[in-house]
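K.L.:
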Ligand SMILES: N[C@@H](CCC(=O)N[C@@H](CS)C(=O)NCC(=O)O)C(=O)O
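Residue numbers (my numbering): 26 to 253.
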C-alpha cells in the first residue's frame with residue numbers, strides 16, 4: 026500500500042492541535058492511540074518547538090483494520106507530506122534535528138542515542154510487568170525493576186546530569202529531545218510509583234524543569250485527558 030493510501034486510511038477522527046507558530050504549515054500528521062505512552066515524547070517535541078501538526082488518535086476498535094497497513098504492525102506513525110516514518114525514537118530523532126532540539130555536535134547526538142537506548146531498556150523491563158498475568162510473578166518483576174533496573178538506569182542518568190558542568194540537562198547546555206522524552210517517562214513512572222525520584226534529585230529537577238516550561242505546561246493543560 027502506498028504512503029498516500031495509508032495516509033487516507035488513517036484519516037480518521039483527529040484531535041487537531043492548532044498553534045500560533047509560523048514555523049510550519051500543517052505538514053505533519055502523528056497517528057497513535059488516545060493515550061500518552063510512546064507518542065507523548067513526540068507530542069512534547071511539537072509542543073516545545075511550537076510547530077503545528079495533526080494529532081490523530083485512533084480508536085482501539087479501528088486498530089485491527091489499520092495494523093496490517095503499518096510498516097511494523099505498530100503505532101506511532103508520523104506522516105510528513107506523503108512520506109511515512111515509524112518507530113517513536115526515529116521520529117523523535119528526526120523532529121529533534123529538524124526543530125533544533127538535537128545535540129550541538131556529533132558527540133552530543135551520540136550521547137543522546139546512548140541515553141535513549143538506556144531509557145528503552147528501562148521501559149522494556151517496566152512494561153513487561155504490565156503483560157504478566159500471574160500476580161506473584163508480576164510483583165517479583167516489579168520488585169526487580171525498582172531494586173535493580175531503576176538504580177542502574179536512573180542512577181546513571183542522574184549522575185550524568187550532576188556531571189554536566191552545572192547544566193540541568195542530560196547533554197550539553199541546552200534542552201534537547203532526550204530531556205523531553207526522559208521527563209515524560211519519569212513522570213509516568215513516578216505517577217505509578219510515588220516518591221521514586223527522591224533518590225534522583227537531578228532527574229526530579231529535569232522532570233520539573235521540562236514540565237514548567239511555558240510550552241509543555243500549556244500542552245499539558247490542553248491535551249486530551251487520558252488515563253495513561
Ligand atoms: N518500537 C516501537 C514500539 C511501538 C509500540 O509498542 N506500539 C504499541 C502501542 S504502545 C502498538 O502499536 N501496539 C499495538 C500492536 O502491537 O498491535 C516504537 O517505539 O514506536
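C-beta: ideal position from N, C-alpha, C; glycine also.
CA-CA distance, residue 182 and residue 76?
P.N.:
One C-alpha to the other measures close to 29 angstroms.
K.L.:
Closer than 7 angstroms by C-beta to residue 166: which residues in its own chain qualify, once you throw out the five before and the five after it? Chain order, please.
P.N.:
Closer than 7 angstroms at Cβ, skipping near neighbours: 153, 154 and 157.
K.L.:
At which residues does the alpha helix (DSSP H) containing residue 181 begin and terminate?
P.N.:
Where residue 181 is concerned, the enclosing alpha helix (DSSP H) stretches over 175-187.
K.L.:
Roughly how far, in whole angstroms, is the beta-carbon of residue 253 from the beta-carbon of residue 60, given that I think they are within contact range, below 8 angstroms?
P.N.:
Sure, about 5 angstroms apart at Cβ, within 8 angstroms.
K.L.:
Measuring only the C-alpha atoms, how far is residue 87 from residue 159?
P.N.:
The alpha-carbon atoms of residue 87 and residue 159 are separated by roughly 29 angstroms.
K.L.:
Between which two residues does the beta strand (DSSP E) carrying residue 58 extend?
P.N.:
53-58 is the span of the beta strand (DSSP E), which, as asked, contains residue 58.
K.L.:
Considering only residues of the segment 93-122, which uninterrupted beta strand (DSSP E) runs meet the minimum length of 3 residues and lie entirely inside it, listed in chain order?
P.N.:
DSSP runs (the beta strand (DSSP E)) wholly in the segment 93-122: 102-105 and 108-111.
K.L.:
Ligand 1 and residue 88: does the residue's C-beta get closer than 8 angstroms to at least one heavy atom of that ligand?
P.N.:
Yes, the Cβ of residue 88 comes within 8 angstroms of a heavy atom of ligand 1.
K.L.:
Let me check you understand the geometry: is the CB of residue 63 closer than 8 angstroms to at least one non-hydrogen atom of ligand 1?
P.N.:
Yes, since a heavy atom of ligand 1 falls inside the 8 angstroms radius drawn around the Cβ of residue 63.
K.L.:
Between the C-alpha atoms of residue 185 and residue 90, what's the straight-line distance to the nearest angstrom?
P.N.:
Cα to Cα, residue 185 sits roughly 44 angstroms from residue 90.
K.L.:
Going by Cα to Cα distance, which pick from 112, 106, 80 and 84 is closest to residue 95?
P.N.:
If we check each option's Cα against that of residue 95, 112 comes out closest.
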